[in-house]
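Encoded as structure tokens, the structure appears first; notes follow it.
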Amino acid sequence: MQRPQYVPPSSDERQSGERRSSRGGRGRGDASGRGRGGGRGGGRGGGRGGGGRGRGGGGRGGRGGGGPNREGWRLELAAITQNPDEAERAGVVFLREAVQVEVVKGSGEQQQRKRTKRDGEQPGGKSEATVSGGSGEARSDGAEGGMRTEEVLVIYDKMPKARRHMLVLPLREIDSPQTLKRFHLPVLRALHATALKTVAMLQAEDPSLTFRIGYHAIPTLQQLHLHVVSEDFDSRCMNRELRWNSFTTPFFIPSTEMMAIIERDGKFDGTEYKRYLRQDIVCFRCQHRPRTFDDLKMKANTALRPYVAPKWAQEAGLKVVPTKFVSLTSSTGPTRLHRWHLPSVDGVEVWIKRDDETGLVTSGNKIRKLQFLLADAIDKEHDCIVTIARELGIECHLILRTDYTPENIPITGNVALDMMMNAQLHLVSVAEYNRVGSPQLLSDLGKRLEQEGKKPYLIPVGGSNELGSWGYMQATEELCHQMKDLNIEFDDIITTIGSGGTTGGLALGVALSGLSARTKLHAFCACDDDEYFYREIDQLITNLGLGDRFKARDLVSVNDKYVGLGYSISQKEELELIIKVAQHTGVVVDPTYTGKALYGLIHEIKADPEKWKGKKVLFLHTGGLYDIYSRLDQLSPLFAKSQIHTFASSQ
């Protein structure tokens with residue numbers, strides 16, 4: 006089952022919850038109570054007035070004022086710990102654990118129990134003399150030592166400061182680090198153990214992520230919570246200096262350090278840590294001091310990061326295995342995978358993986374490849390790229406195959422985008438390109454740049470080489486996790502092929518991961534023919550050291566029947582299909598690559614419906630949206646003028 010993302014309540018719901026809790030409840034079952042009666046009330050100011058502490062009492066009453074946004078979130082945290090079953094149903098919970106922890110002899114818990122026994126309460130808020138843990142219960146008096154079960158929740162942070170950001174909460178009433186005592190050490194150990202398990206689960210989904218586990222010295226939210234946050238800090242919510250400093254300076258106390266402080270001192274103040282929030286912002290990776298916060302985020306997000314290959318790839322004996330990558334995506338997780346209700350397609354369950362949403366203004370499949378290729382360029386200290394590279398501040402040179410000249414080339418579509426990114430365009434005629442070949446052209450341009458004193462990094466067409474192929478081996482791992490979460494298996498995967506790198510990496514990923522036992526990979530040509538691409542993929546497989554194990558024909562079915570008029574040339578029927586699909590599904594495919602693949606898939610289904618009947622088919626959308634803008638002259642006559650209306654106000 007897929008873990009749902011938490012959708013926070015509206016501001017009206019927050020304020021309504023705040024008003025309800027500020028009055029305090031009457032009985033044990035009140036939704037805003039703690040199991041003894043009333044609600045916890047408003048902000049931190051004003052004391053704990055109102056009502057007794059017995060089961061039928063008036064609750065704790067209000068705690069004073071507090072802003073609705075902050076207080077609303079406090080109340081949500083409280084409600085989550087009171088009603089974990091309800092939180093799970095609402096999709097807030099990532100993980101729920103019952104953790105066996107040791108209570109150290111002489112920890113002071115026995116003395117605390119004596120102080121709270123008269124209230125019928127266990128230290129931390131549980132009633133009676135034992136602490137229930139869901140999967141069992143244990144007893145401990147602190148002086149003797151022993152084991153105890155702590156129940157812990159891991160929830161999605163509703164304002165994530167990174168791609169992965171979780172909060173680990175105890176199902177005990179502990180306000181903040183400032184209220185911690187030595188008898189809370191078992192709770193802290195349970196939170197830490199659960200955080201480590203959470204990291205392992207998240208890294209299984211994305212091995213490239215590294216994590217921080219810790220507490221804010223002075224948290225703004227009530228109810229103790231341990232942060233598990235990935236170190237990319239790539240999120241719209243990481244949008245100001247104070248938030249950056251709260252996670253990247255000593256204000257963020259590592260979990261192990263907090264446990265050591267409590268064990269040594271028996272308390273935690275935190276006042277001395279306030280100063281870190283106001284210090285100048287610094288990149289925690291390289292100590293760079295940026296001019297602006299936006300500069301800081303770009304520097305942090307484009308720094309080299311360690312990469313750990315999927316286990317099945319590590320065991321394959323590949324000759325080329327990347328150890329570093331650089332983030333080029335703006336998303337906070339895997340690209341979307343969802344049903345795609347194509348018009349006039351019956352009897353087939355079609356899904357789509359949205360790699361048109363991988364990030365950057367260009368987006369698409371190239372981003373996955375470039376994360377490894379550009380990491381290699383940065384690691385080897387190259388100062389210019391012969392492909393796309395402006396996002397990293399590296400000079401960019403592009404070779405374009407076209408019969409246009411610098412004087413008459415249309416500044417539309419991808420060409421306009423290239424120029425906006427300040428790329429240097431080098432035009433080569435189609436005849437020259439075919440005569441010399443792209444490898445030689447790359448080499449010639451590289452030598453010319455070297456003569457100018459530059460150190461170019463050459464990336465082949467489509468990023469299609471051994472290192473670039475890892476983009477879609479890693480994408481296969483991402484897909485495997487999504488399929489497991491959704492409890493779905495695909496019979497067929499459909500992609501387009503224009504240089505062979507995406508399909509080659511995907512074919513190896515499907516084979517090595519075990520998906521090929523059930524799933525067949527199909528690639529529809531955007532140019533050239535099937536024999537050409539089989540040779541290209543075979544060469545890639547050989548270069549990676551697996552030529553004796555795999556042959557391209559066994560891994561993928563390449564279909565060249567729908568190239569149509571040729572590369573980047575569209576037939577009217579193809580463009581009509583693109584418009585129809587966009588109008589019915591809201592998904593736009595490009596004319597050069599995915600449009601031809603979709604056109605081919607639909608024709609194959611209609612030609613042999615029995616072959617496809619009942620199948621689950623995944624279509625890989627590899628991006629290319631901007632190519633639409635270079636076809637407006639062809640597309641415009643196909644739009645229905647009846648969609649355009651004259652409107653006059655009645656006033």
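Numbers 6 to 656, taken from our numbering, label the letters of the sequence shown in order. Here a beta-carbon is modelled for each residue, glycine too, at the ideal position from N, C-alpha and C.
Original post:
If we count the other Cβ atoms within 10 Å of its Cβ and call it buried at 16 or more, is residue 124 buried or exposed?
Top reply: Note that residue 124 scores 41 on pLDDT, short of 50, meaning its location in the model is unreliable; the coordinates nonetheless yield the value given after this. Burial call: exposed.
Original post:
Are there 16 or more other CB atoms within 10 angstroms of the CB of residue 37, so buried, or fewer, so exposed?
Top reply: Its pLDDT being 33, under 50, residue 37 is placed unreliably in this model, and the value from its coordinates should be taken loosely. By the neighbour-count rule (16 or more Cβ atoms within 10 Å), residue 37 is buried.
Subject >> Alpha carbon of residue 171 to alpha carbon of residue 197, nearest angstrom >> reply: Using only the alpha carbons, I get a separation of about 13 Å.
Subject >> Integer Cβ distance of residue 499 from residue 602, believed to fall under 8 Å >> reply: Taking a contact as a CB-CB distance under 8 Å, the pair residue 499 and residue 602 counts as one, their CB atoms being some 6 Å apart.
Original post:
Ordered along the chain, which non-local residues of its own chain (more than five positions away) have a Cβ less than 8 Å from that of residue 459?
Top reply: Excluding residues within five positions, the ones whose Cβ falls inside 8 Å are 388, 389 and 400.
Subject >> Where residue 564 falls: helix, strand or coil (DSSP) >> reply: Residue 564 falls in the strand class under three-state DSSP.
**OP:** Return the Cβ separation of residue 443 and residue 465 in integer angstroms, given the expectation that the two are a contact with Cβ distance under 8 Å.
**Re:** Rounded to whole angstroms, the Cβ separation of residue 443 and residue 465 is 7 Å, and the two are in contact under 8 Å.
**OP:** Go to residue 486, then tell me how far its beta strand (DSSP E) extends in each direction, as first and last residue.
**Re:** Careful: residue 486 lies outside any beta strand (DSSP E), inside the alpha helix (DSSP H) at 475-491.
Original post:
Does the distance from the C-beta atom of residue 629 to that of residue 590 stay below 8 Å?
Top reply: No.
**OP:** Tell me whether residue 191 is buried or exposed, calling it buried when 16 or more other Cβ atoms sit within 10 Å of its Cβ.
**Re:** Of the residues assessed, residue 191 falls on the buried side of the cut-off, its CB having 16 or more other CB atoms within 10 angstroms.
Subject >> residue 461 in three-state terms, based on DSSP >> reply: Correct three-state label for residue 461: strand.
Original post:
Taking C-beta to C-beta, are residue 503 and residue 475 nearer than 8 Å?
Top reply: Not closer than 8 Å, so no.
**OP:** Inspect the beta-carbon positions of residue 616 and residue 495 and report whether they are closer than 8 Å.
**Re:** No.
Original post:
So, are the CB atoms of residue 340 and residue 310 less than 8 Å apart?
Top reply: Not closer than 8 Å, so no.
**OP:** Output the distance between the C-alpha atoms of residue 331 and residue 314, rounded to the nearest integer angstrom.
**Re:** Per the coordinates, the alpha-carbon of residue 331 lies some 14 Å from the alpha-carbon of residue 314.
Subject >> Contained beta strand (DSSP E) runs [length at least 3] in the region 211-255, N- to C-terminal order >> reply: Runs of the beta strand (DSSP E) spanning 3 or more residues and lying entirely within the region 211-255 occur at 216-221 and 231-235, in chain order.
Original post:
Does the region 171-187 come close enough to the region 264-279 to have 3 or more Cβ pairs within less than 8 Å?
Top reply: By the criterion of at least three beta-carbon pairs nearer than 8 Å, the region 171-187 is in contact with the region 264-279.
Original post:
How far does the alpha helix (DSSP H) with residue 449 in it reach, from first residue to last?
Top reply: Residue 449 -> alpha helix (DSSP H) spans 443-456.
**OP:** With residue 624 as the anchor, note down where its beta strand (DSSP E) starts and where it stops.
**Re:** Annotation: the continuous beta strand (DSSP E) that includes residue 624 extends over 621-626.
Subject >> Segment contact flag, the region 244-257 with the region 341-354, C-beta cutoff 8 Å, min 3 pairs >> reply: Counting C-beta pairs with one atom in each stretch, the region 244-257 and the region 341-354 have fewer than three that are closer than 8 Å, which means they do not touch.
Original post:
Within this structure, are the beta carbons of residue 260 and residue 169 separated by less than 8 Å?
Top reply: Not a contact, by the Cβ cut-off of 8 Å.
Original post:
For the candidate residues 430, 422 and 391, whose alpha-carbon lies nearest to that of residue 410?
Top reply: Closest option to residue 410, Cα to Cα, is 430.
Original post:
Do residue 223 and residue 231 come within 8 Å of each other at the CB atom, strictly closer than that value?
Top reply: Contact annotation: residue 231 and residue 223 have beta-carbon atoms that are not nearer than 8 Å.
Original post:
Fully enclosed by the region 380-436, which beta strand (DSSP E) runs are 3 residues long or longer?
Top reply: As far as the region 380-436 is concerned, its whole beta strand (DSSP E) runs of at least 3 residues are 389-391, 400-406 and 429-433.
Original post:
Between 206, 343 and 318, which lies nearest to residue 491 when the distance is taken from Cα to Cα?
Top reply: Checking every option, the nearest Cα to that of residue 491 belongs to 343.
**OP:** Specify the secondary structure class of residue 342 as computed by DSSP and reduced to three states.
**Re:** The three-state reading of DSSP puts residue 342 in strand, counting E and B together.
Original post:
Under a Cβ-count criterion, where at least 16 other Cβ atoms within 10 Å of its own Cβ denotes burial, should residue 371 be classed as buried or exposed?
Top reply: With 16 or more Cβ atoms within 10 Å of its Cβ, residue 371 is classed as buried.
**OP:** Inspect the beta-carbon positions of residue 608 and residue 562 and report whether they are closer than 8 Å.
**Re:** Their beta carbons are not under 8 Å apart, which means residue 608 does not touch residue 562 by this criterion.
Original post:
Alpha carbon to alpha carbon, how far is residue 182 from residue 220?
Top reply: A direct Cα-Cα distance of roughly 8 Å separates residue 182 from residue 220.
**OP:** Can you tell me the Cβ-Cβ gap for residue 594 and residue 347, rounded? I've got them flagged as a contact below 8 Å.
**Re:** Residue 347 and residue 594 do not touch by the CB rule: their CB atoms are close to 11 Å apart, not below 8 Å.
Subject >> Status (buried if at least 16 other CB within 10 Å, exposed otherwise) for residue 244 >> reply: Exposed.
Original post:
Can you tell me where the beta strand (DSSP E) with residue 584 in it begins and where it stops?
Top reply: It is not in any beta strand (DSSP E) - residue 584 instead sits in the alpha helix (DSSP H) that spans 577-590.
Original post:
What residue range is occupied by the uninterrupted alpha helix (DSSP H) comprising residue 515?
Top reply: Its alpha helix (DSSP H) spans residues 506-518.
Original post:
Tell me, which residues are paired with residue 152 by DSSP?
Top reply: BP columns for residue 152 point to 107.
Original post:
From residue 611 to residue 618, what distance separates their C-alpha atoms?
Top reply: Residue 611 and residue 618 have their C-alpha atoms roughly 10 Å apart.
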